[in-house]
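Keeping their order, the protein sequence lines are chains A and B.
Anchor point for the first sequence: position 137 equals 137 in full-length UniProt numbering, and the numbering is continuous, going up by one each time.
Anchor point for the second sequence: position 296 equals 296 in full-length UniProt numbering, and the numbering is continuous, going up by one each time.
C-beta: ideal position from N, C-alpha, C; glycine also.
Please read all numbers here as calculations on a predicted model, not as lab measurements.
First comes the structure, then the notes that go with it.
Number of protein chains: 2
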Amino acid sequence: MAAKNKIAILGSGNWGSTVARIAGGNAARHSNLFDAEVRIWVYEEVVNGRKLTEIINTEHENVKYLPGKKLPENVVACPEPQEAAAGANILIFVLPHQFVKGLCAKLVGHLRKDAFAVSLIKGVDFDEGGVVLISEVIRKQLGVPCAVLMGANVANEIAEEQFSEATIGYRDEQHAQLLKHVFQTHYFRIAGAPDVAGVEICGALKNIVALAAGFCDGMGLGNNTKAAVIRLGLVEMIRFAKHYLENVRDATFLQSCGVADLITTCYGGRNRRCAEVFARSQGAKTFEDIEQEVLNGQKLQGTLTAKDVHAIIKRDGLLERFRLFTSVYEIAFCGKPVASLLEDLGKQELNMNGDIS
Amino acid sequence: MAAKNKIAILGSGNWGSTVARIAGGNAARHSNLFDAEVRIWVYEEVVNGRKLTEIINTEHENVKYLPGKKLPENVVACPEPQEAAAGANILIFVLPHQFVKGLCAKLVGHLRKDAFAVSLIKGVDFDEGGVVLISEVIRKQLGVPCAVLMGANVANEIAEEQFSEATIGYRDEQHAQLLKHVFQTHYFRIAGAPDVAGVEICGALKNIVALAAGFCDGMGLGNNTKAAVIRLGLVEMIRFAKHYLENVRDATFLQSCGVADLITTCYGGRNRRCAEVFARSQGAKTFEDIEQEVLNGQKLQGTLTAKDVHAIIKRDGLLERFRLFTSVYEIAFCGKPVASLLEDLGKQELNMNGDIS
């Protein structure tokens, strides 16, 4: 008989800890499907004079990244990733994307034969060839299948058990069904789409649109304009995904990973907020200033992605097809006035044939 | 040679007057396409001791419904609809939907042979057979083709010339191209979709979703939940449209009439606002109370539509397929607690095959 399914969570920030509450609860609840023990890799640090892993394993709370919320007692913190992954076949990647390669290097050769991954990491890389999905990095480096889970998922709200949804992008349907049991609760509803690339790319591109939405807010414009900008941004997300990735499905953009995550990000979220500050400053502040001021020096995802996307569409002669992406880049980095966003969008003729791309 | 295209606007409220600014400007600008004179039917009333038509024709301002905004001087107000429509082949219907039948009755027999209509009226009727589109009422009563124009179009924001978009739903492509010239400006961008029914139904169904969004706001829930509710509402809009209307196209819901208008309505708008008040009152106020309090006795579109939609999906045994619509109805009219919205949505299994309906 095959070994029981066993879950490992790689990463223990705000979102990772929230996911540990969910996956830990489900592992205990679905005892027919899962080994009850869920290990979580915790980057070791000292909090109030104690090791964070020790606090988690005795107090059952990640006091640093998800204070005030208990973790199930079957969630066990490990300071080494190999130890966390030992014996597990379901590997949940939920850490900042710059650490993925280093983590995978440590895991190679330590995985179960039937192991597969699911990436919760929002963001993409770019190289000379174009888009590099994080799920592809994991798949290639570890030699295991990799699904993704994305959606309108503000970690703290889900930790409060507020109703939410997410989308699993998958290639292997059995993996998707198993992952549904890992993640779904009465307040966190899971849909699936056989479209890893489509599900994953939304989470990166939405941040460019959020900058445009923040510019509208900073100019004091109404809901009309903002809704138009969000929609035109969604159209460019679809166009970009279909141009640069294979087998992307239209319906994916109507999933939580698409339109819902886009809405959340364009009304809440740090990219929108910093872009609003940028627009209000009327050229007095750069995004670097704002990152210092508002984010304590952390980098915004949206401006990084806008730069990467601009490089690739410029190289490919596609600037005219991506007026919103281009305009956001030029406003953020080339000193163009914020109001030019709407002038640029106002110059394009929209399709009269009913197709959006 | 055929007579020149000539525009008549039937209705002169806030949106009708805003449209008169746009269409009047375009008639003058595109003198190769249009007769410069644009007549607008104004329901005669006396404002500050003067007739409203007289004020409009001398001051070039609808001081009652769009104060502070000048109308182009080629826009001429007429107190009788037959007079407004005389010689016109492009009839823009922009009045409350309860007055459509009476208006059409007056116009029958007074129209140019090549006349066609475009309806800007959001809302639908229902009869024993199901959905009755306003554009169908106009088409049948007048015996002329009828297109529609819908979108995220808050009249005052467009009167301020803030950037916005709209979608023309059409059957006749030449009419659509002509209408694009009637409506498009640098700040008001027009797309087309060969899908009158899909474009039109969105404008009615969105108001049910806005009630659900307002319930979330009233419960103090975050952007996560609200985005999930908006998305699930969009899915039910698509499902309803495809079930009850013919040849509805998926891409239509990604137009301004679909996702953009939905977003605007779920973040601004009176349906959302009244639903928030309802939720906060925790059962102390009915929607009738709130209509008195907040809207001076005007009726909310959303609750009316929720009731009509509920009757038809109940008759057809489809309540399970429309959990959000059903839940909104039961909360608004059957005393169910507001929180049951999310319990109801949490009970449905979402598709794992990537399709949304």
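Original post:
Beta-carbon separation of B/Gln82 and B/His110 under 8 Å?
Top reply: The residue labelled residue 82 of chain B in the question sits at position 82 within the second sequence. The residue labelled residue 110 of chain B in the question sits at position 110 within the second sequence. In contact: B/Gln82 and B/His110 (Cβ atoms closer than 8 Å).
Original post:
Span of the beta strand (DSSP E) holding A/Met237?
Top reply: Numbered from its first residue, the first sequence carries residue 237 of chain A at position 237. Unbroken run through A/Met237 is the alpha helix (DSSP H), Asn223 to Tyr244; no beta strand (DSSP E).
Original post:
So B/Phe126 is in the alpha helix (DSSP H); what residue range does that whole segment cover?
Top reply: Residue mapping note: residue 126 of chain B aligns to position 126 of the second sequence, counting from 1. From DSSP, B/Phe126 is part of no alpha helix (DSSP H) but of the beta strand (DSSP E) over Val124 to Asp127.
Subject >> Residue span of the beta strand (DSSP E) that contains A/Thr167, given as start and end >> reply: On the first sequence, position 167 is the one that residue 167 of chain A refers to. Unbroken beta strand (DSSP E) run through A/Thr167: Ser164 to Gly169.
Original post:
When DSSP labels each residue in this structure, what does B/Arg50 get in the three-state scheme?
Top reply: Counted from its first residue, the second sequence places residue 50 of chain B at position 50. Note: B/Arg50 maps to strand in three-state DSSP.
Original post:
What residues are listed by DSSP as bridge partners for A/Ile9?
Top reply: Numbered from 1 along the first sequence, position 9 holds the residue referred to as residue 9 of chain A. Looking at the DSSP assignment, A/Ile9 forms a beta bridge with A/Ile40 and A/Ile92.
Subject >> B/Lys299 classed as buried or exposed, judged by whether at least 16 other C-beta atoms fall within 10 angstroms >> reply: For the purposes of this step, residue 299 of chain B is taken as the residue at position 299 of the second sequence. When all chains shown are included, B/Lys299 counts as exposed.
**OP:** Tell me B/Ile192's beta-bridge partners as DSSP assigns them.
**Re:** Locating residue 192 of chain B in the second sequence gives position 192, counting from the first residue. As written in the sequence, residue 192 of chain B is Gly, which differs from the Ile given in the question. Per DSSP, B/Ile168.
Original post:
Is A/Leu133 helix, strand or coil when you go by DSSP?
Top reply: Here residue 133 of chain A refers to the residue found at position 133 when the first sequence is read from its first residue. If DSSP states are grouped into helix, strand and coil, A/Leu133 belongs with the strands.
Original post:
Given A/Val277, which residues of its chain have a CB within under 6 Å of its CB, disregarding the five upstream and five downstream residues?
Top reply: Residue numbering aside, residue 277 of chain A sits at position 277 when the first sequence is read from its first letter. Shown here for A/Val277: same chain residues with a beta carbon closer than 6 Å to its own, the five before and five after excluded, namely Ile290 in chain order.
Original post:
Looking only at C-alpha atoms, which of A/Met150, A/Cys146 and A/Gly203 sits nearest to A/His175?
Top reply: Against the first sequence, residue 175 of chain A aligns to sequence position 175. The option with the nearest alpha carbon to A/His175 is A/Cys146.
Original post:
If the cut is a Cβ gap below 9 Å, which residues of chain B does A/His97 touch?
Top reply: For the purposes of this step, residue 97 of chain A is taken as residue 97 along the first sequence, with counting starting at 1. Chain B residues near A/His97: none, gap ~22 Å exceeds 9 Å.
Original post:
Would you say B/Glu157 reaches chain A, if we count a Cβ-Cβ gap shorter than 8 Å as a contact?
Top reply: On the second sequence, position 157 is the one that residue 157 of chain B refers to. True, the Cβ-Cβ gap to chain A drops below 8 Å.
Original post:
Helix, strand or coil: which one does DSSP assign to A/Val100?
Top reply: Sequence index remark: in the first sequence, residue 100 of chain A carries index 100 (1-based). For A/Val100, the secondary structure class from DSSP, reduced to helix, strand or coil, is helix.
Subject >> Through-space distance from A/Pro337 to A/Asn283, alpha-carbon basis >> reply: Numbered from its first residue, the first sequence carries residue 283 of chain A at position 283. Numbered from its first residue, the first sequence carries residue 337 of chain A at position 337. Rather than Asn, the amino acid found at residue 283 of chain A in this sequence is Gly. A direct Cα-to-Cα measurement between A/Gly283 and A/Pro337 gives close to 8 Å.
Original post:
At a Cβ threshold of 8 Å, is B/Val294 touching chain A?
Top reply: Sequence index remark: in the second sequence, residue 294 of chain B carries index 294 (1-based). At a cut-off of 8 Å between beta-carbon atoms, B/Val294 makes no contact with chain A.
Original post:
A/Glu165 CB to nearest chain B CB: under 8 Å?
Top reply: Sequence index remark: in the first sequence, residue 165 of chain A carries index 165 (1-based). A/Glu165 has a beta carbon lying within less than 8 Å of a beta carbon in chain B.
Original post:
If you draw a straight line from the C-alpha of B/Leu133 to the C-alpha of A/Phe99, how long is it?
Top reply: If you number the second sequence from 1, residue 133 of chain B lands on position 133. If you number the first sequence from 1, residue 99 of chain A lands on position 99. Across the structure, B/Leu133 and A/Phe99 are spaced so that their CA atoms are roughly 55 Å apart.
Subject >> First and last residue of the uninterrupted beta strand (DSSP E) at A/Val118 >> reply: One-based indexing of the first sequence puts residue 118 of chain A at position 118. Under the DSSP assignment, A/Val118 falls in the beta strand (DSSP E) whose first and last residues are Phe116 to Ser119.
Subject >> Contact set between B/Gln177 and chain A, taken where Cβ atoms lie within less than 8 Å >> reply: As a working mapping, residue 177 of chain B is identified with position 177 in the second sequence. Around B/Gln177, the beta-carbon contacts reaching into chain A at under 8 Å are Met352.
Original post:
When we look at the beta-carbon of B/Thr265 and count the other beta-carbons within 10 Å, is it buried (16 or more) or exposed?
Top reply: On the second sequence, residue 265 of chain B is found 265 positions in, with the first residue counted as 1. So B/Thr265 counts as buried.
**OP:** Flag this pair as touching only if the segment 87–99 of chain B and the segment 2–22 of chain B have three or more C-beta atom pairs under 8 Å; answer yes or no.
**Re:** Result yes; three or more Cβ-Cβ pairs closer than 8 Å.
**OP:** With 8 Å as the limit, tell me which residues of the segment 178–211 of chain A have their beta carbon closer than that to any beta carbon of chain B; keep them in chain order.
**Re:** Correct list: Lys180, His186, Tyr187, Arg189, Ile190, Ala191, Gly192, Ala193, Pro194 and Asp195.
**OP:** Would you kindly work out how many angstroms separate the C-alpha atoms of A/Asn5 and B/Asp344, rounded to a whole number?
**Re:** Position 5 of the first sequence, counting from 1, holds the residue named residue 5 of chain A. Position 344 of the second sequence, counting from 1, holds the residue named residue 344 of chain B. Take the alpha-carbon of A/Asn5 and the one of B/Asp344: they are about 31 Å apart.
Original post:
Where do the N-terminal and C-terminal ends of the beta strand (DSSP E) with A/Cys146 fall, by residue?
Top reply: The residue given as residue 146 of chain A occupies position 146 in the first sequence. Counting along the chain, the beta strand (DSSP E) containing A/Cys146 begins and ends at Cys146 to Met150.
Original post:
Whose C-alpha, out of A/Phe126, A/Glu80 and A/Asp114, is nearest the C-alpha of A/Ala105?
Top reply: Position 105 of the first sequence, counting from 1, holds the residue named residue 105 of chain A. Residue A/Glu80 holds the alpha-carbon nearest to the alpha-carbon of A/Ala105 among A/Phe126, A/Glu80 and A/Asp114.
Subject >> Below-8 Å beta-carbon distance, B/Ala228 vs any chain A residue >> reply: If you number the second sequence from 1, residue 228 of chain B lands on position 228. Put simply, the CB of B/Ala228 is near chain A, with a gap under 8 Å to one of its CB atoms.
Original post:
The alpha helix (DSSP H) with B/Ala332 in it runs from where to where?
Top reply: For the purposes of this step, residue 332 of chain B is taken as residue 332 along the second sequence, with counting starting at 1. The continuous alpha helix (DSSP H) containing B/Ala332 extends over residues Arg323 to Phe333.
Original post:
Any idea what DSSP makes of A/Glu61, helix, strand or coil?
Top reply: As a first step, residue 61 of chain A must be located in the first sequence, where it is residue number 61. For A/Glu61, the three-state secondary structure derived from DSSP is strand.
**OP:** Take B/Leu103 as the anchor and find which of B/Asp172, B/Val42 and B/Gly335 has the nearest alpha-carbon.
**Re:** Sequence index remark: in the second sequence, residue 103 of chain B carries index 103 (1-based). For the residues B/Asp172, B/Val42 and B/Gly335, the minimum Cα distance to B/Leu103 belongs to B/Val42.
**OP:** Report the neighbours of B/Gly222 on chain A: residues whose CB is nearer than 7 Å to its CB, in chain order.
**Re:** On the second sequence, position 222 is the one that residue 222 of chain B refers to. Per Cβ cutoff of 7 Å: Val154, Glu157 and Gln162.
Original post:
For the segment 163–172 of chain A against the segment 211–228 of chain B, are there 3 or more C-beta pairs whose distance is under 8 Å?
Top reply: Yes, the segment 163–172 of chain A touches the segment 211–228 of chain B.
Original post:
How is the beta strand (DSSP E) around B/Cys78 delimited, first residue to last?
Top reply: Looking up residue 78 of chain B in the second sequence gives position 78. That run of the beta strand (DSSP E) goes Val75 to Cys78.
**OP:** Verify the CB distance criterion: does A/Ser340 have a CB-CB separation below 8 Å to chain B?
**Re:** Taking the first sequence and counting its residues from 1, one reaches residue 340 of chain A at position 340. Residue contact check for A/Ser340 against chain B: no CB pair falls below 8 Å.
Original post:
So, does the CB of A/Tyr329 fall closer than 8 Å to a CB anywhere in chain B?
Top reply: Position 329 of the first sequence, counted from the start, is the residue given in the question as residue 329 of chain A. Under the 8 Å criterion on CB atoms, A/Tyr329 is classed as non-interfacial with respect to chain B.
Original post:
How about the segment 201–218 of chain B and the segment 136–150 of chain A: do they share at least three Cβ pairs that are nearer than 8 Å?
Top reply: Segment contact: the segment 201–218 of chain B against the segment 136–150 of chain A, fewer than three CB-CB distances shorter than 8 Å; contact not assigned.
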